[in-house]
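Just so we're aligned, residue 157 is where the sequence shown starts under the working numbering, counting upward by one.
Beta carbons: idealized from backbone N, C-alpha and C, even for Gly.
Each remark here refers to the structure printed beneath this line.
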Amino acid sequence: MDWLLRPVNPNDLDAITRLNRLAFALTRSDAEVAQTWFPEGVVLPGRTRWAVVHPKRSTLVATYAELDLQICCLGQVLPAIGLSGVAVAPEWRGQGIAHWMLEESLGRAQRQKIPLMMLYPFQHGFYRRLGWAWVGQLWQYAIATVHLPQQSPRDSSASLTTQLGSIHPLREQDWAAIKQTYQQVALQKQGWLQRADWQWEQHRQTYHPLQAAGKAGWCYWQGDRLLGYLFVAFQERSDYGGQIVAIVQEWVAITPDAYRGLLYFLRGLKDKVPLIIWSTDASDPFPHLLQQQERVLPQGMERNLQGFYHRLGELGSGFMWRLVHLPTALTLRPIQPGASFRLKLCVEDAILGNQTLTVETYGDRLVLTDKPALATAKLTVEALTILYSGIRSWSDLIWTGEVGWSGDPGLVVQCDRAWRAPTPFCWDLF
C-alpha cells in the first residue's frame with residue numbers, strides 16, 4: 157500500500173492523542189493523555205512529529221517524533237536525531253508500518269549526513285534488526301539512607317567546613333548556574349545531551365519550586381560557585397511497605413567535595429526518608445562508599461544470590477544508538493592519540509546499504525584515506541556502533557565473533573586503545 161508519511165499539523169492533535177493512548181496508556185482517557193503529553197499541542201520546537209496517513213481513508217494510522225539532539229562525546233558535540241513515541245494503531249499492527257517509518261527516517265537522516273541516531277526501545281530486538289545497538293546502561297541502587305556515607309569529624313573540622321560548601325533548596329534564580337554546571341560535566345562525558353532551551357524548559361517546569369508535586373531540587377554551593385545539584389522525586393511505594401522513597405532522578409557534581417556533600421545531604425534525610433534510590437553510570441564509586449553493600453529489597457524478593465552474595469544493585473538496559481552517515485560519524489568522533497595505523501572497514505547495513513571505508517589516525521581523529529590498510533575488519537553497522545560508543549572493545553567483539561579480522565593482529569591492541577571511551581550514559585528520557 158502506498159502510505160503517505162508527512163509532518164503533523166495542529167489539526168492532528170486528536171488523532172495523535174488516540175494513537176499514543178492506544179500504544180502507551182490504555183487505562184487513561186484521550187483527555188488525560190492530551191493534557192499530560194500534549195498540553196502545548198503536537199507542533200513543538202526542537203522536534204518534528206510525523207504521521208502515516210492511509211492512502212484511501214486519509215486517516216492517521218501511525219506516528220513518531222524526531223528530536224533535534226546534541227550528544228556529548230569526549231569533548232565533542234555530535235549532531236543527532238532522537239526517535240520517540242513510535243505508535244501504530246492496533247488495527248494496523250503487524251503490517252510492517254513501524255519498520256517502514258523507521259527506514260524512511262534513517263534514509264532522510266543519511267541524506268542530511270546525520271552521524272548518529274538515538275532512541276529508547278520498547279523491544280531491543282525489534283530495533284536491532286534495523287541496525288541499532290544497545291549501548292545505554294543504568295546502574296541503580298536501592299539503599300537504606302543510613303548506609304550512605306557519613307560526614308566524618310575530619311570533614312567537620314574548621315579547615316574543611318568551608319571547602320565542603322553548603323546545600324540549599326533549588327530557587328528560580330539557580331537555573332542559569334545549573335545549566336552551566338551541567339554543561340561543564342556533560343562535555344567530559346559520553347552520551348550526555350547538550351540540552352537546548354526547550355529541553356531546559358521541560359526541566360524547569362518539572363522541578364520548579366512552586367509547581368513540582370512530590371519533586372524537589374537542591375544545589376551545592378561553594379562560595380558563589382554552584383558545583384553540584386540533585387533532582388529528587390519522593391514517592392510512597394507499596395512495594396516497600398508504604399514507605400516514602402527518595403528517587404534521585406539526576407545528579408551532577410564537578411568536584412569530589414560536591415559529590416561527597418550531596419551524599420552527606422541525602423544521608424541527613426534518614427529520619428524522614430528511610431530509602432534512597434540512586435541512579436548512575438558504571439564508573440560511579442557510589443557502591444564502594446556505602447557503609448553496607450546491600451540492597452533494600454521490595455516485598456517478596458530473596459536477600460541472596462548464589463549463597464553468600466547479597467543483592468546490591470540492578471543493571472538497566474536502556475537507550476540504543478545507530479550510526480547513520482558513516483564518513484561523518486567516523487571523522488567526528490575523538491580517539492585516544494597513539495601510534496598511527498590504517499584500517500579497512502567493511503560494514504554490512506541491510507537498511508542503508510553496505511559500505512567499505514579505510515580510515516587512518518591523525519592526532520585525536522580518524523580521517524578517510526585511499527591508502528592500503530594493514531588489516532581489514534568485517535562487521536555489521538550494529539557492531540560498529542557498539543565500538544563507536546566505547547561500551548565494548550575490538551578485542552571483545554573479535555573474540556565473540558561479532559567482528560571478522562584479517563591482517564596484522566597487532567592492530568587490534570591499537571584499535572582498543574584508540575577507541576577507548578567511558579560507557580555511554582544519559583539522564584534525558586524521551
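Taking all protein chains shown into account, do 16 or more other C-beta atoms lie within 10 angstroms of the C-beta of residue i, making it buried, or fewer, making it exposed?
i, result
"Ala506", "exposed"
"His359", "buried"
"Glu247", "exposed"
"Lys345", "buried"
"Asn165", "exposed"
"Tyr544", "buried"
"Tyr518", "exposed"
"Leu234", "buried"
"Ala314", "With a pLDDT of 42 at Ala314, under the threshold of 50, the modelled position of that residue is not reliable, and no figure is offered here."
"Ala221", "buried"
"Gly287", "buried"
"Met457", "exposed"
"Thr301", "buried"
"Arg285", "exposed"
"Gln355", "buried"
"Leu479", "buried"
"Asp437", "buried"
"Trp374", "buried"
"Trp555", "exposed"
"Thr192", "exposed"
"Arg250", "Correcting the residue identity first, residue 250 is Gly in this sequence and not Arg. Flag for Gly250 reads exposed."
"Leu618", "Outside the shown range of the chain (157 to 586) lies residue 618, about which nothing can therefore be said."
Report back the beta-carbon spacing between residue i and residue j to the nearest angstrom; my notes put them in contact at under 8 Å.
i, j, result
"Ala289", "Thr541", "4 Å"
"Ala539", "Lys500", "Their Cβ separation, rounded to whole angstroms, is 15 Å, which puts Ala539 and Lys500 out of contact at 8 Å."
"Ser551", "Val537", "Wrong, their Cβ atoms sit about 20 Å apart, outside the cutoff."
"Leu535", "Val559", "5 Å"
"Ile299", "Trp434", "6 Å"
"Gln350", "Gln226", "4 Å"
"Leu422", "Leu304", "6 Å"
"Glu260", "Leu161", "6 Å"
"Tyr276", "Phe442", "Their Cβ separation, rounded to whole angstroms, is 23 Å, which puts Tyr276 and Phe442 out of contact at 8 Å."
"Trp477", "Val291", "5 Å"
State the Cα-Cα distance for the pair residue i and residue j, rounded to the nearest angstrom.
i, j, result
"His481", "Gln266", "5 Å"
"Pro430", "Tyr363", "22 Å"
"Ile237", "Thr411", "31 Å"
"Gly252", "Ala218", "11 Å"
"Arg203", "Leu223", "4 Å"
"Leu262", "Leu419", "42 Å"
"Lys428", "His466", "26 Å"
"Thr183", "Glu516", "54 Å"
"Leu386", "Trp407", "5 Å"
"Phe581", "Trp348", "6 Å"
"Asp353", "Leu461", "45 Å"
"Asp186", "Ala171", "10 Å"
"Leu326", "Glu357", "15 Å"
"Thr514", "Asp380", "50 Å"
"Pro163", "Val388", "36 Å"
"Thr317", "Gln306", "Because the pLDDT of Thr317 is 42, which lies under 50, any placement of that residue in the model is unreliable, and the number read from its coordinates should be weighed accordingly. Whole-angstrom Cα-Cα distance: 14 Å."
"Gln448", "Ser308", "16 Å"
"Asp440", "Leu446", "12 Å"
"Thr173", "Arg205", "12 Å"
"Ala333", "His324", "13 Å"
"Pro201", "Trp583", "20 Å"
"Met273", "Phe464", "42 Å"
"Phe180", "Ala245", "11 Å"
Can you give me the Cβ contacts of residue i inside the same chain, cut-off strictly under 7 Å, excluding the 5 residues immediately before and after it?
i, result
"Thr168", "One point to set straight first is that residue 168 is Asp, not Thr, in the sequence displayed. So the list reads Val198, Ala207 and Leu216, once near-sequence residues are dropped."
"Leu471", "Gln293 and Trp295"
"Gln570", "Gly494, Ala495 and Phe497"
"Gly566", "none"
"Asp395", "Pro454 and Gln455"
"Gly469", "Trp295, Gln296, Tyr297, Pro443 and Arg451"
Between which residues of its own chain and residue i is the CB-CB distance below 6 Å, once the five residues before and five after are set aside?
i, result
"Ala414", "Tyr376, Leu383 and Gly384"
"Gln378", "Gly321"
"Thr532", "Lys500, Ser562 and Gly563"
"Pro271", "Leu234, His481, Thr484, Ala485 and Leu488"
"Tyr283", "Pro277 and Met476"
"Asp330", "Cys375"
By Cβ distance below 8 Å, which residues in the same chain neighbour residue i in space, the five residues on each side in sequence not counted?
i, result
"Gln492", "Asp520, Arg573, Ala574, Trp575 and Arg576"
"Pro490", "Cys229, Leu230, Gly231, Gln232, Asp520 and Arg521"
"Phe390", "Gly370, Lys371, Ala372, Ile400, Val401, Ala402, Ile403 and Val429"
"Glu504", "Asn510, Lys534, Leu535, Thr536 and Val537"
"Glu392", "Gly398, Gln399, Ile400 and Val401"
"Met257", "Leu161, Trp206, Val208, Ala218, Tyr220 and Val242"
With a threshold of 6 Å, establish whether the CB of residue i neighbours any heavy atom of the ligand MG.
i, result
"Arg451", "In the structure on display, the ligand MG does not appear, and there are no ligands present to speak of."
What runs of the alpha helix (DSSP H), each 4 residues or longer, lie entirely inside the region 244 to 280? Listed in chain order, they are 253 to 267.
Could you give the uninterrupted runs of the beta strand (DSSP E) lying entirely in the region 326 to 410, keeping only those of 3 residues or more? Here the runs fully enclosed are 346 to 349, 371 to 378, 381 to 393 and 399 to 409.
What beta strand (DSSP E) runs, 3 residues minimum, are completely inside the region 427 to 496? Residue ranges of uninterrupted beta strand (DSSP E) with 3 or more members, entirely inside the region 427 to 496 and ordered along the chain, are 431 to 436, 469 to 473 and 476 to 479.
Entirely within the region 158 to 186 and at least 4 residues each: give me those alpha helix (DSSP H) ranges in chain order. Considered as a whole, the region 158 to 186 harbours 169 to 180 as its complete alpha helix (DSSP H) runs of no fewer than 4 residues, in chain order.
Segments of 4+ residues assigned as alpha helix (DSSP H) that fall wholly inside the region 520 to 574: 537 to 545, 550 to 555 and 566 to 574, all fully within the region 520 to 574.
Residue ranges of each alpha helix (DSSP H) within the region 189 to 222, 4 or longer: Runs found: none.
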